[in-house]
Amino acid sequence: MPIKNSGIRVDDLSKELGKFSLRDINLEINKGEYFVLLGSSGVGKTILLETIAGIYHPDKGRIWLEGRDITDLPLKDRHIGIVYQDYMLFPHLKVEENIGFGARSRGDRHRIIEVANLLGIGHLHSRYPKTLSGGEKQRVALARALLTNPKALLLDEPLSSLDPQIGEKLRAELRRIHRLTGVTVIHVTHNFEEAFTLGDRISVMSEGEIVQVGEPSEVFRKPSSEYVASFLGIENLFSGKSTRLGDITDIEINQIHILSTAQKLGDVSISVRPEDILVSKKPLESSALNTFDGKMEDIIDKGTVVKLAVDVGIPLVAMITKISFEEMGLERGMSVYLTFKASAVHIF
Amino acid sequence: MKERQCGKNLAMHHIQMESRWAKLKGSKFEALTVFLTLLLAAFVLAVLVCVVAHTTPEALLESIASSEIQFAIKLSLLTSIISTALAIIIGIPIAYSLARYNIPLKSLINTLVDLPLALPPLVAGVGLLLFFTTPLGEALEEVGFRFVFTPWGIVLAQFLVNVPFTIRVLRSTFESINPRYEYVAQTLGCSPMQAFLRVSLPMSKRGILAGSVITWSSAMGEFGAVLMLAGATRLRTETLPISIYLNMLCGDLDMAIAASSILIFISFLSLFIFEKYSGGHAY
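Line by line, the protein sequences give chains A and B.
Going by my numbering, the final residue of the first sequence carries number 532, and the count climbs one at a time with no gaps.
Going by my numbering, the final residue of the second sequence carries number 266, and the count climbs one at a time with no gaps.
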């Protein structure tokens, strides 16, 4: 039986749907938790979400919500709200009518203003969805879902259609609303920054299966498989020991010393973005604190950019444009210098 | 002499135009296809003008005011409005189920539902007539559903021939609406039917309007099936098309032209409305 503060629980759930399938999914999400389902597109995240919502019936397995088996309940009786990437605002209804769509009682009617104000969209009441910006639309969609006080809120790529700036703003908004309402959230995304900053816990999905569940730092630091590591897409990810060196931090990794402006001591992980690393044939005189020489092991042509794998004692990956790659006449086996600023070294 | 010169000038002018046009518009192939299009458009216009211009406006108005044409207008309007309403009311749930659900034998059902589109209406009419000679048909007549040679037969014939059009238009309308709108509505407390009524139906209103107009206009013009089932009885089952037929038979050209002119006007009007509201999704 489900435990007491259980939010959503999924037992051995399987579902075949055309070319997608879910296999033996098990999830235990606490009440009030912000849970992120992370995975690239086409791995079945949305199907899992829609199966929990009740749009599809599982072929096998049970779904529990706050201790109640909801597997066979119709959508309308589940008390689960859903918000899609494409908002799905009813185009024939005004903002106010969209938010109030689920209102059943007089009390719910009063809540329209409350929820609209919570999301900062009170001034949009009499507008039609097609006149709203993407960020405004997603706020209306959130308000509409929150109006009925759902026990769980399912968010399917809620920030992916928005401009990065707006998306970041709304990300903070999601965190605030979650704190205020305490609703259990499952947030589906392919963006690991979103997962890292929002999730109390993250689960990584691959081809219809959950491959790892854990706290963000755990998942990112210790990817349980090659797949998770490569999906998370962090290159130049190393673990080492950091010590204080004046105003900056010195991280020792495999007898190589990397300097960083970030302050975190002890056992740490670092990452350096490949595009922050300069490649030169001779040592550079510059203000950058990190310079290493090494042999070029591999060249990966990505079209307009080229990734160079260089062994400097640790395997570093640098990314340069195709044009400079061709101008420099780089070849496999050459000796090159890699230079990057201490501020480009991210510690976590 | 003068005439020849004029002809030469015209030819020169034509060649100049042609070359300028060719430069502007590109290939000879394009010129050919555009020419054929213009030719056909001109031909259609000519045919229509022949009908309307065959008589004087006064004679046309007089014929339209005659009691026979007035009867035909009223009967056509009444039967077509009833058969269109039926086609929409019955077509909506059918089109919705074809758009949304996985029905067993779906493609077979689709073909059967669409078949009257390809079938000559005359054949549909013969089928209907024969249907009412079967025990089931006779039983229906017994309890008061009399269709053979009655105005209700007009309604039934129009309905059967046109409902596939209605379903086609409505089905593509429903298919263009993402089912997630209804899922969201259901998570907000709607039953599937409420979600349909509160979300998908209002979102389809342009498609429903377009479907109604095209159905109604076809119903106004329906002839073959009506002739078979309801017959052509003057001042009883005399719709506008039947009126054209009866008046042509007895040589009363003015009356036939009056009925034809009304149908031409209705065709233009409904095509205009259909083009305006169909295609391109409303939202």
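We treat Cβ as the ideally placed atom computed from N, Cα and C, and that holds for glycine.
Best match in the options for proximity to residue i [C-alpha to C-alpha]
i, options, result
"residue 99 of chain B", "B:150, B:26 and B:20", "B:150"
"residue 157 of chain B", "B:142, B:180 and B:140", "B:180"
"residue 131 of chain B", "B:57, B:55, B:214 and B:203", "B:214"
"residue 218 of chain A", "A:386, A:240, A:321 and A:261", "A:386"
"residue 214 of chain A", "A:461, A:456, A:344 and A:366", "A:366"
"residue 82 of chain B", "B:153, B:97 and B:226", "B:153"
"residue 475 of chain A", "A:502, A:189, A:278 and A:426", "A:502"
"residue 278 of chain A", "A:415, A:247, A:316 and A:395", "A:316"
"residue 331 of chain A", "A:435, A:264, A:238 and A:342", "A:264"
"residue 252 of chain A", "A:236, A:240 and A:272", "A:236"
"residue 300 of chain A", "A:283, A:411 and A:287", "A:283"
"residue 372 of chain A", "A:519, A:223 and A:280", "A:223"
"residue 321 of chain A", "A:333, A:334 and A:344", "A:344"
Alpha carbon of residue i to alpha carbon of residue j, nearest angstrom
i, j, result
"residue 32 of chain B", "residue 24 of chain B", "12 Å"
"residue 186 of chain A", "residue 363 of chain A", "With a pLDDT of only 45 at residue 186 of chain A, under the threshold of 50, the placement of this residue in the model should not be trusted, and no figure is reported."
"residue 265 of chain B", "residue 194 of chain B", "Its pLDDT being 46, under 50, residue 265 of chain B is placed unreliably in this model, and the value from its coordinates should be taken loosely. Answer to the nearest angstrom: the Cα atoms are 14 Å apart."
"residue 258 of chain B", "residue 65 of chain B", "23 Å"
"residue 50 of chain B", "residue 239 of chain B", "14 Å"
"residue 528 of chain A", "residue 443 of chain A", "10 Å"
"residue 142 of chain B", "residue 220 of chain B", "16 Å"
"residue 199 of chain A", "residue 229 of chain A", "12 Å"
"residue 75 of chain B", "residue 146 of chain B", "10 Å"
"residue 478 of chain A", "residue 350 of chain A", "41 Å"
"residue 305 of chain A", "residue 346 of chain A", "17 Å"
"residue 232 of chain B", "residue 226 of chain B", "10 Å"
"residue 20 of chain B", "residue 509 of chain A", "56 Å"
"residue 370 of chain A", "residue 336 of chain A", "8 Å"
"residue 111 of chain B", "residue 47 of chain B", "32 Å"
"residue 106 of chain B", "residue 88 of chain B", "25 Å"
"residue 382 of chain A", "residue 78 of chain B", "43 Å"
"residue 256 of chain B", "residue 395 of chain A", "56 Å"
"residue 326 of chain A", "residue 30 of chain B", "59 Å"
"residue 448 of chain A", "residue 526 of chain A", "13 Å"
"residue 494 of chain A", "residue 440 of chain A", "14 Å"
"residue 225 of chain A", "residue 16 of chain B", "46 Å"
"residue 212 of chain A", "residue 388 of chain A", "14 Å"
"residue 312 of chain A", "residue 276 of chain A", "7 Å"
"residue 274 of chain A", "residue 487 of chain A", "42 Å"
"residue 445 of chain A", "residue 460 of chain A", "15 Å"
"residue 466 of chain A", "residue 352 of chain A", "40 Å"
Contact set between residue i and chain B, taken where Cβ atoms lie within less than 8 Å
i, result
"residue 487 of chain A", "Going along chain B, no residue has its Cβ under 8 Å from residue 487 of chain A, so there is no contact; the nearest lies around 33 Å."
"residue 526 of chain A", "Neighbours of residue 526 of chain A on chain B: none; closest Cβ ~48 Å, over 8 Å."
"residue 368 of chain A", "The contacting residues do not exist; residue 368 of chain A stays about 15 Å from chain B at best."
Proximal residues of chain B, C-beta to C-beta of residue i below 9 Å
i, result
"residue 286 of chain A", "168, 170, 171, 172 and 173"
"residue 207 of chain A", "Result: empty, since nearest Cβ-Cβ is about 23 Å, beyond 9 Å."
"residue 150 of chain A", "The displayed coordinates of chain A run from 185 to 532. Any statement about residue 150 of chain A would go beyond what the structure contains."
Beta-carbon spacing of residue i, residue j below 8 Å
i, j, result
"residue 470 of chain A", "residue 523 of chain A", "yes"
"residue 250 of chain A", "residue 291 of chain A", "no"
"residue 148 of chain B", "residue 201 of chain B", "yes"
"residue 192 of chain B", "residue 260 of chain B", "yes"
"residue 492 of chain A", "residue 498 of chain A", "no"
"residue 437 of chain A", "residue 450 of chain A", "no"
"residue 420 of chain A", "residue 500 of chain A", "yes"
"residue 400 of chain A", "residue 422 of chain A", "no"
"residue 374 of chain A", "residue 454 of chain A", "no"
"residue 328 of chain A", "residue 184 of chain B", "no"
"residue 140 of chain A", "residue 220 of chain A", "This structure cannot settle anything about residue 140 of chain A, because the visible part of chain A is limited to 185 through 532."
"residue 340 of chain A", "residue 411 of chain A", "no"
"residue 197 of chain A", "residue 231 of chain A", "no"
"residue 272 of chain A", "residue 230 of chain B", "no"
"residue 210 of chain B", "residue 136 of chain B", "no"
"residue 35 of chain B", "residue 197 of chain B", "no"
Per-residue contacts from residue i into chain A (C-beta, under 7 Å)
i, result
"residue 182 of chain B", "274"
"residue 164 of chain B", "272 and 274"
Check: residue i C-beta below 7 Å from any heavy atom of the ligand ZN
i, result
"residue 446 of chain A", "Among the components modelled here there is no ligand, and therefore nothing to report on the ligand ZN."
Under 8 Å from the C-beta of residue i: neighbouring residues of chain A
i, result
"residue 161 of chain B", "270 and 272"
When you check each C-beta in the region 460 to 483 of chain A against every C-beta of chain B, which residues fall closer than 9 Å?
Sequence-ordered contacts of the region 460 to 483 of chain A with chain B are nonexistent [C-beta pairs closer than 9 Å].
Select from the region 240 to 273 of chain A all residues with a C-beta closer than 8 Å to any C-beta belonging to chain B, and list them in chain order.
Listed by position, the residues of the region 240 to 273 of chain A near chain B (Cβ gap below 8 Å) are 258, 259, 260, 262, 264, 265, 266, 268, 270 and 272.
What are the residues in the region 213 to 241 of chain A lying within 9 Å of chain B by C-beta distance?
Those residues of the region 213 to 241 of chain A that come within reach of chain B (Cβ to Cβ, closer than 9 Å) are 234, 237, 238 and 239.
Using a beta-carbon distance cut-off of less than 9 Å, what residues from the region 305 to 327 of chain A approach chain B?
Those residues of the region 305 to 327 of chain A that come within reach of chain B (Cβ to Cβ, closer than 9 Å) are 313, 314 and 325.
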